[in-house]
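Note sheet for the following structure.
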Amino acid sequence: MKPRSRPSAGDYQYVDEAAVDAELKCLICTRPFQVAASLQSCGHVFCQTCITTWISQQNSCPVCRRIISPGEIKPITARNFINMLDNILVYCLHCNVTNIRRGDMGSHLQKCSMVVISCSAADIKCPWKGPRKEMSKHLSLCIFQQIHPLIETLQTEAKSKANVCNQLRERIDAMDKKLQEQSRFIRAFMNNGRPMSDYCIALSPDHCKIMKHAGGAQNQSTNRLFCSVCRSNVSSGSISLHHCDGGCICQSCIKKYCSDLTTIQALPRQQTMYELRPRLDASSMNRQLSRARNGLRSARRTQNVAISESVSLLNVPQTTHRYE
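Residue numbers (UniProt numbering): 1 to 324.
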């Protein structure tokens, strides 16, 4: 049940308004100040609401006719002045209790038996409104109040499930990104049907384009080497995989995408032996890609279960996208 805000003119009436000091009355509405505000240029005091409305229609002080602007309106915060306003006696229009200090009216409204309030289960759509004194009777019959603890529990669980779903979604996004990068690496490694390796298949260094670079051709601006994955310019000494007819992958990409595989040596600048050293082949790369895909599917299944549980707890139609 939400507390009432500042008392309004509809909550109380003055016991003897005529006896209120004229210095405590607004010169526009002629009633005691609600929230007093003064004009900096001339010092005249009005209700803040009254003078704000006045300035929206006219740009002069209603007393001295001095030109004013909205920026000149400043609330009065002097303690003595506010105390005088708070000490004015009023009576409650709800229960007719009289001689209440205006400054205490807010506290009175919090316990007034005749003030109209909403049901404590209004947050779950209970439509009841009535006098505070009838609240106990209503709560004994209110079905919304009876299920309120259950609804709160379900809402708490739903928030927890939502947090889990968000965490899973972040993990899936990260795995999606990693899978895309690994797929790009696989495509570069397969090299349009000419899989790369860490050894030369050419009969001699002269027949290997990469070895020609190792022999000095890398200095030619028209014959530079680029990593097929990251597209950065690489020297022959930083190449880990290549195909003699063209295409290479640098050491940095191997460390990034193949950290769980056997370390691959950099291509020697002058390679003289053509022994088979198949440390990385297409089948091992496919196994790594398969593991990544299986991990992604597992994370997506976990997310779908969490989303389904969260939605079923709230008993609403499921519209969340499911990953397959």
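By construction, the Cβ of each residue, glycine as well, lies at the ideal position given by its N, Cα and C atoms. Keep in mind the model is a prediction, meaning the values are calculated, not measured.
DSSP lists Tyr91 as the beta-bridge partner residues of Gln13. Annotation: Cys253 to Ile201 spans about 22 Å, alpha carbon to alpha carbon. Counting along the chain, Val116 sits inside the beta strand (DSSP E) bounded by residues 116-118. Three or more Cβ pairs closer than 8 Å define a contact, and the region 74-90 meets that threshold against the region 4-18. Taking all protein chains shown into account, Asp198 has 16 or more neighbouring C-beta atoms within 10 Å of its C-beta and is therefore buried. Here Lys129 carries a strand assignment [DSSP, helix/strand/coil]. A direct Cα-to-Cα measurement between Ser228 and Phe185 gives close to 8 Å.
For the 9 Å CB-CB criterion, Ile51 and Ala37 form a contact. For Ser240, the secondary structure class from DSSP, reduced to helix, strand or coil, is strand. DSSP places Leu139 within a helical segment (H, G or I) once states are collapsed to three.
Nearest to Ser136 by alpha-carbon distance, out of Ile147, Glu152, Ser118, Ile124, is Ser118. Counted as a single uninterrupted DSSP element, the beta strand (DSSP E) harbouring Cys250 occupies residues 248-250. Its chain contains Arg31, Pro32, Phe33 as the residues whose beta carbon lies nearer than 8 Å to that of Lys25, once the 5 sequence neighbours on both sides are disregarded; these appear in chain order. By the neighbour-count criterion, in which 16 or more other beta carbons inside 10 Å mark a residue as buried, Lys161 falls on the buried side. In this structure, the alpha-carbon of Gly103 lies about 12 Å from that of Val35. The DSSP-derived three-state label of Asn166 is helix.
As a beta-bridge residue in DSSP terms, Pro32 pairs with Lys25.
Between Gln180 and Tyr257, the C-beta gap is not smaller than 9 Å, which leaves the two residues out of contact.
Between the region 120-131 and the region 139-150, the count of C-beta pairs closer than 8 Å reaches three or more; the two stretches touch.
The continuous beta strand (DSSP E) containing Cys47 extends over residues 45-47. Looking at the DSSP output, Val234 bridges to Leu225.
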